[in-house]
Each structure stands twice: as C-alpha cells, then as structure tokens.
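Quick notes on the structure that follows.
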Amino acid sequence: MCETRKRKPRADAARNRDLLIEAAKGVLGQGGPNASLEAVARRAGVGIGTLYRHFPNREELFHAVFRREMEQLADLAEGLDGTNDPVAALRGWLHANVAMVETKRGMLGALSMVMTEDAKQTYAELSARITGSVNALIAKGQQAGLLRDGVTAEDLLQAMYALCYAREPGPDWRAQVLRLLDIFVDGLRA
C-alpha cells in the first residue's frame, strides 16, 4: 500500500502566499470586500493565476488574511506576559486591534456569511488564546492595584469593537477611535 505524504510547499510558493496575504490586507482594507483581486496580485508582484492557485476564491483569501491577523494578535497578546506595565501593554494591544478592524471593516460581514466549520474552529482556538492571555494581563494589573476589579478580556473587546463601529469610516476614523479607546482604558484604572 502506497502512503501519500503531503509535501511541504516550495519556498517560492510559500513566499508568494505570504506576499498575497500581505497585499490583500492593504487592497481589501482600502477597497473592501469587493476590491479587485487583480489589484491584490499586482501589489504582491505575482500573476492572477498564482493568486487563484493559492486562493481559489475570494472567501479563501479573506479567511487567510483574517487568520493571519488573528494569529498576530494572539502572538502579541501572549508576548505581553512579561511586561512591567500591564495598562500600557493592554493599551498597545487594543491599538493593534483597532488597526486590524480598520483594514477589515468591509470584510467581516462577508467572512461571516461563508464561515466553514473548520474556520469557526480555528477562530475559536485563536480567540481562546487571545482571551486567556489578555485575562492574565488584566489579572496582573489588578493584583498590582493598577486596574479595577471585575474587568475581563471580553469587556475590553466588546468596548473596543463598539467604539470602532460607532464611528463612520473617514480620514480621521483611526485617530477618533484611538482617542476614545484611550479614555476607556484610563477609566479602567483602579
């Protein structure tokens, strides 16, 4: 019986996939879910055929971009554990979240309509990593007397998303949201 092994992608294929995901972050962030996939390929410096070899449809590209950003946020949250200033660390992490929301506003609705069970499982695992790390950071701040009791990672995320979606997109959207978020974080101090 012959066993089939999944081969590791060639280095250039892996590089092209990474380039496409990074390009898609920018193009989809500016143009929303209906942005041109040709523009994504152009920005990545590859042909449209290469894009479709990696991502047979727009939804798979959306999922790859969203997953990459969720992984980056989870890694960032886990890396905050050793910080001496939990309030500043939370503020920085929330600011990174705002940057992700800014580029994904239009994509989130499209993503939710085509969410597969595998994707739901992946996002649930990444969300659990994020929540656990942020709750640990909050607990550290509470034990140090820097943050008020009763605050959870879920509270922070709900407030951040509410602030993000309460503002209409525009040239000063990010500055307005970050200002409101800073006021919110300052209100969490003990």
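Counting in full-length UniProt numbering, the sequence shown runs from 1 upward without gaps.
Ideal Cβ positions, reconstructed from N, Cα and C, are used throughout, including at glycine.
| Once you ignore the five residues that flank Ala77 on each side, which residues in its own chain have a CB closer than 8 Å to its CB? | The residue given as residue 77 occupies position 77 in the sequence shown. In the same chain as Ala77, and ignoring 5 residues on each side of it, the C-beta atoms closer than 8 Å to its own belong to Trp93, Arg129, Ile130, Ser133, Val134, Leu137, in chain order.
| query | How would you write the range of the alpha helix (DSSP H) that Leu181 sits in, first residue to last? | reply | On the sequence shown, residue 181 is found 181 positions in, with the first residue counted as 1. DSSP places Leu181 in the uninterrupted alpha helix (DSSP H) bounded by 173 to 187.
| task | Could you name the residues of the same chain whose beta carbon sits closer than 6 Å to that of Ala159, not counting the 5 residues immediately before and after it, in chain order? | result | As a working mapping, residue 159 is identified with position 159 in the sequence shown. Closer than 6 Å at Cβ, skipping near neighbours: Phe184.
| said: Pull the bridge partners of Leu147 from the DSSP assignment, please. | reply: Within the sequence shown, the letter at position 147 stands for residue 147. The secondary-structure analysis by DSSP pairs Leu147 across a beta bridge with Arg189.
| Between Gln30 and Gly145, what straight-line distance do the alpha-carbon atoms span, to the nearest angstrom? | Counted from its first residue, the sequence shown places residue 30 at position 30. Counted from its first residue, the sequence shown places residue 145 at position 145. Take the alpha-carbon of Gln30 and the one of Gly145: they are about 41 Å apart.
| said: Can you tell me whether Ala153 is buried or exposed? The criterion is at least 16 other CB atoms within 10 Å of its CB, across all chains shown. | reply: Counted from its first residue, the sequence shown places residue 153 at position 153. Under this definition Ala153 is a buried residue.
| For Leu73 and Gly79, the rounded distance between their alpha carbons | Translated into the one-based positions of the sequence shown, residue 79 becomes position 79. Translated into the one-based positions of the sequence shown, residue 73 becomes position 73. It is roughly 10 Å from the alpha-carbon of Gly79 to the alpha-carbon of Leu73.
| message | Taking its Cβ as the centre, do 16 or more other Cβ atoms sit within 10 Å of Arg10, making it buried, or is it exposed? | response | Here residue 10 is taken as the residue at index 10 of the sequence shown, counted from 1. Under this definition Arg10 is an exposed residue.
| Helix, strand or coil at residue 195 [DSSP, three-state] | An answer regarding residue 195 cannot be provided, because it is not within the stretch 1 to 190 covered by the chain.
| Identity of the residue in Tyr123, Ala119, Ala99 nearest Leu163 by Cα | The count along the sequence shown starts at 1 and reaches residue 163 at position 163. Distances from the alpha-carbon of Leu163 to those of Tyr123, Ala119, Ala99 put Ala99 closest.
| request: Check whether the region 16 to 26 touches the region 41 to 61, counting contact only when three or more Cβ pairs, one atom from each stretch, lie closer than 8 Å. | output: By the Cβ rule, the region 16 to 26 counts as touching the region 41 to 61, because three or more pairs are nearer than 8 Å.
| Can you give the Cα-Cα distance for Leu51 and Ser127, rounded to whole angstroms? | The residue given as residue 51 occupies position 51 in the sequence shown. The residue given as residue 127 occupies position 127 in the sequence shown. Cα to Cα, the separation comes out at about 28 Å.
| Host alpha helix (DSSP H) of Phe66 (start-end) | Position 66 of the sequence shown holds residue 66. Counting along the chain, the alpha helix (DSSP H) containing Phe66 begins and ends at 58 to 79.
| task | Please classify Lys8: does DSSP put it in a helix, a strand, or coil? | result | As a first step, residue 8 must be located in the sequence shown, where it is residue number 8. In the structure shown, the three-state DSSP call for Lys8 is coil.
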